[in-house]
Amino acid sequence: MTAALETQGLGLDFGGVRAADGVSLSLAPGARAALIGPNGAGKTTLVNLLSGALRPARGRILMGGRDVTRAGPAARAQAGLSRSFQVAQLFPTLTPAESVALAIRARRGWQDAAARAAETEALLGQFALTEVADRPAGQLGYGQQRLVELAIALAGGPSVLLLDEPAAGLAEAERHALRATLAALPRSVSVLLVEHDMDLVFAFAERIAVMAAGRIIADGPPAAIAADPAVRAVYLGEAADA
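Per UniProt numbering, the sequence shown runs over residues 1 to 242.
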């Protein structure tokens, strides 16, 4: 089966630091995967490489078997890849409804206005944003801004979704909404969740990869990852150094 997203020996250095060191990772169609690791492990660098925000010095990136290593973010988005960011990046003067509708139009191209409005309304409803749909994003609380960004990431029906710490800054009720939305995603979407919230990771992921010092040190089902001595050493070491 052709992977929805795959990296082969991916590498990138920042000065003398290897932010990505021979990273090989594969997402099957419909995957529910998570990437975890201590701060500075290289997780966000990997997401930036996958999305096209950074270009690797070594290795390849494939989407559906097609080499996209040199393709930019726009080309990868057109191919079906979408991402969220650690910090919400919204136009403060646009409303959630406007932002989501623009994202749908950008990814789908021409679309009937009524169909676009219906899809926008449905996405905002998933994230409990209906009541603030017409309020400028700059007037929303941080948690609501995060949810708007997630709605934008899902707009237009991506085939691969990269979520970079989506639970960061969310209140408990918003985390529940996020968990429910992730659980309801169709299997037509392959998801890679980068997250520090282990409750969310283990509730969502069917497979977990662990990154440390730019390398994947473990990759497997949640139960195996939880029992892996190398994984426990990484997290215990982080706690000891704190």
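Where a beta carbon is used, it is the ideal one built from N, C-alpha and C, also for glycine.
Membership of GLN144 in the alpha helix (DSSP H) is indicated by the continuous run 142-154. Within the stretch 115-201, the complete alpha helix (DSSP H) segments of 4 residues or longer fall at 142-154, 172-183, listed in chain order. Scanning the stretch 20-74 from its first residue to its last, the whole alpha helix (DSSP H) runs of 4-plus residues come out as 43-51. Taken through DSSP and simplified to helix, strand or coil, LEU81 comes out as strand. For GLU6, the enclosing beta strand (DSSP E) begins and ends at 5-14. At the C-beta level, MET198 and LEU46 stay beyond 8 Å of one another. When ILE104, GLY138, ARG108 are compared, the shortest CA-CA separation from LEU124 is found for ILE104.
According to the DSSP secondary-structure assignment, GLY220 is paired through a beta bridge with ILE208. Closest option to PRO186, judged by alpha-carbon separation, among GLN86, LEU161, ARG66: LEU161. Selection GLY156, ALA106, LEU90 evaluated against ALA118 yields GLY156 as nearest (Cα-Cα). One thing to note: LEU10 has its Cβ no nearer than 8 Å to the Cβ of PRO38. ASP134 and ALA218 have their C-alpha atoms roughly 44 Å apart. The Cβ atoms of LEU193 and ALA34 lie closer than 8 Å to each other. When beta bridges are read from the DSSP output, VAL17 appears opposite PHE14. For the pair ILE216 and ALA223, the CB atoms are not nearer than the 8 Å cut-off.
Apart from the 5 residues on each side of it in sequence, GLY169 sits with its Cβ closer than 7 Å to the Cβ of TYR142, GLY143, ARG146 in its chain, given in chain order.
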